[in-house]
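There are 2 protein chains.
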Amino acid sequence: MTIAQSTRERIIDVAKERFHARGYADVGIKEICDNAHIQKGSFYHFFPSKEDLALTVIDEFAEDWANGFVAEAFDPRLKPMERIDYLIDAAYFWQKSVKEKNGKIPGCLFGNLALEMSTKNDVLRAKLNAVFTKAKARFKETLEEAIDSGEIKPLNTELTAEAMLAYLEGMILLAKSENDPEVLYKLGPAIKTIRIESREHV
Amino acid sequence: MTIAQSTRERIIDVAKERFHARGYADVGIKEICDNAHIQKGSFYHFFPSKEDLALTVIDEFAEDWANGFVAEAFDPRLKPMERIDYLIDAAYFWQKSVKEKNGKIPGCLFGNLALEMSTKNDVLRAKLNAVFTKAKARFKETLEEAIDSGEIKPLNTELTAEAMLAYLEGMILLAKSENDPEVLYKLGPAIKTIRIESREHV
Numbered sequence: 013m014t015i016a017q018s019t020r021e022r023i024i025d026v027a028k029e030r031f032h033a034r035g036y037a038d039v040g041i042k043e044i045c046d047n048a049h050i051q052k053g054s055f056y057h058f059f060p061s062k063e064d065l066a067l068t069v070i071d072e073f074a075e076d077w078a079n080g081f082v083a084e085a086f087d088p089r090l091k092p093m094e095r096i097d098y099l100i101d102a103a104y105f106w107q108k109s110v111k112e113k114n115g116k117i118p119g120c121l122f123g124n125l126a127l128e129m130s131t132k133n134d135v136l137r138a139k140l141n142a143v144f145t146k147a148k149a150r151f152k153e154t155l156e157e158a159i160d161s162g163e164i165k166p167l168n169t170e171l172t173a174e175a176m177l178a179y180l181e182g183m184i185l186l187a188k189s190e191n192d193p194e195v196l197y198k199l200g201p202a203i204k205t206i207r208i209e210s211r212e213h214v
Numbered sequence: 013m014t015i016a017q018s019t020r021e022r023i024i025d026v027a028k029e030r031f032h033a034r035g036y037a038d039v040g041i042k043e044i045c046d047n048a049h050i051q052k053g054s055f056y057h058f059f060p061s062k063e064d065l066a067l068t069v070i071d072e073f074a075e076d077w078a079n080g081f082v083a084e085a086f087d088p089r090l091k092p093m094e095r096i097d098y099l100i101d102a103a104y105f106w107q108k109s110v111k112e113k114n115g116k117i118p119g120c121l122f123g124n125l126a127l128e129m130s131t132k133n134d135v136l137r138a139k140l141n142a143v144f145t146k147a148k149a150r151f152k153e154t155l156e157e158a159i160d161s162g163e164i165k166p167l168n169t170e171l172t173a174e175a176m177l178a179y180l181e182g183m184i185l186l187a188k189s190e191n192d193p194e195v196l197y198k199l200g201p202a203i204k205t206i207r208i209e210s211r212e213h214v
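So, in structure tokens, the structure goes:
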């Protein structure tokens, strides 16, 4: 790794943790520079603005998430609906582990930023929306496989996928507000009860 | 109304709209004073701090909400599960009407502040949690009535109520992130498919 790469990564790592724990507005460029041990000039060499940094953080976090616990959860060797259980479990254990370390549930970076920034910044909103669109696609593929294999009865996969993502984000919101990861443990399994029928199956 | 009452209400009205649209950190006391046409000294006569103002805004918003569209939705003349449909409809039309006026879906004041503030301020977190606890109780009573009248099969009313609230908050989160109230229209009816079984019914 070159020095430039490592400086850039240090900026991203510091920003990622702070945006996740405290949101976008609350974390300034100076704080990020101080904690990444760099000068402001060096920051602007890599990122024209805090917005650009946030876009990169969202991309990298989404990639880590997709290649990390989402890839593990959506293991093709598991039965399709078991992958969804696994995803909820992974979210539960992750929130729980951060709480054990920092005392606070950070919630979902994407959900946090979506509620904080959607009325204020259409560039960030579009980026977050793209992450949610990818997450919906994972749920949708899984539902399609579950239908094909006879694991569940036919339903509207597009809308049920979106409903499942909404439920996941909503559980994380309540867990954060109660600062209690057990919310995910108690409510999680019900994600599989959510159904939106296809027109032809009503 | 005395002059003091009307000054206090003006402060609350200005803060309510701005906290809802833009969050807590982004809205300063100076901005609130300027827009309520008062001096800073007058602000501190009514509220020792921005936190105290936010606590009052949350209380008043929760009360407006409970006495307004929630009271309408939870009309005892409706069948219990129809009240839940009505609540989702009311949330949909409200988000839609604000978007028509301001171009942006503001989302849920309580959900917005919960994700923004839960890691940073335990006083606000506790207040928001109390609002969610009340909302859960409304869902729970409704589910109990629906079971008693035979409208739905027995289930765990406590956990299903919390799951329904999670789903409502999650739908509003996705609607805000897409800036599209139709998310609530499309996903809303599925709230009634969510079920967490009681141990004795599994």
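In order, the protein sequences belong to chains L and Z. Our numbering applies: residue 13 is where the first sequence begins, and numbers increase by one. Our numbering applies: residue 13 is where the second sequence begins, and numbers increase by one. Backbone N, C-alpha and C define an ideal beta-carbon position, used for all residues, glycine too.
Under 8 Å between the Cβ atoms of residue i and residue j?
| i | j | result |
| --- | --- | --- |
| L:I24 | L:E72 | yes |
| L:S189 | Z:F144 | yes |
| Z:I50 | Z:T14 | no |
| L:M183 | L:G162 | no |
| Z:G53 | Z:N124 | no |
| L:V26 | L:A48 | yes |
| Z:A187 | Z:I100 | no |
| Z:E43 | Z:L136 | no |
| L:P92 | L:A175 | no |
| L:T154 | L:F55 | no |
| Z:L167 | L:K198 | no |
| Z:L185 | Z:G119 | yes |
| Z:E21 | L:E128 | no |
| L:T68 | Z:A33 | no |
| L:I96 | L:K165 | no |
Would you verify that the beta carbon of residue i is, or is not, closer than 8 Å to some beta carbon of chain L?
| i | result |
| --- | --- |
| Z:R150 | no |
| Z:Y179 | yes |
| Z:K220 | This structure cannot settle anything about residue 220 of chain Z, because the visible part of chain Z is limited to 13 through 214. |
| Z:R211 | no |
| Z:K62 | no |
| Z:L140 | yes |
Any beta carbon from chain Z within less than 8 Å of residue i's own beta carbon?
| i | result |
| --- | --- |
| L:P193 | no |
| L:T205 | yes |
| L:D71 | no |
| L:V214 | Its pLDDT being 49, under 50, L:V214 is placed unreliably in this model, and the value from its coordinates should be taken loosely. Chain Z contact via Cβ: absent. |
| L:A37 | yes |
| L:A175 | yes |
| L:L185 | yes |
| L:K198 | yes |
| L:A202 | yes |
Just confirm the distance between the C-beta atoms of residue i and residue j, as a whole number of angstroms; I'd bet it's less than 8 Å.
| i | j | result |
| --- | --- | --- |
| Z:L140 | Z:A149 | The pair is not a contact, with the Cβ atoms about 15 Å apart (cut-off 8 Å). |
| L:R207 | Z:A16 | Not quite, the Cβ-Cβ distance comes to about 54 Å (not below 8 Å), so this is no contact. |
| L:L177 | L:A103 | About 12 Å separates the two Cβ atoms, so there is no contact after all. |
| L:Y179 | Z:Y179 | 5 Å |
| L:A78 | L:F31 | With a Cβ gap of about 18 Å, L:A78 and L:F31 do not count as contacting. |
| Z:K113 | Z:P193 | That pair is no contact at about 12 Å. |
What residue range does the alpha helix (DSSP H) around residue i cover?
| i | result |
| --- | --- |
| L:G53 | K52 to F58 |
| L:E21 | I15 to R34 |
| L:T131 | Unbroken run through L:T131: none, as it is neither H nor E. |
| Z:D64 | K62 to N79 |
| Z:S210 | Premise fails: Z:S210 is in no alpha helix (DSSP H) and is neither H nor E. |
| Z:F86 | Here Z:F86 belongs to no alpha helix (DSSP H), and DSSP marks it neither H nor E. |
Given a limit of 7 Å on CB to CB distance, which residues of the segment 14-34 of chain Z reach chain L? A33 and R34
Check distances from the C-beta atoms of the segment 153-173 of chain L to those of chain Z and list, in chain order, the residues that come in under 7 Å. L171
At a Cβ cut of 7 Å, what residues of the segment 102-133 of chain L count as close to chain Z, listed as they run along the chain? K116, P118, G119, G123, N124, A126, L127, E128, S130, T131 and K132
If contact means a Cβ-Cβ distance below 7 Å, which residues of the segment 74-100 of chain L contact chain Z? none
Taking only beta carbons into account, state which residues of the segment 39-59 of chain Z come closer than 8 Å to chain L, listed in chain order. none
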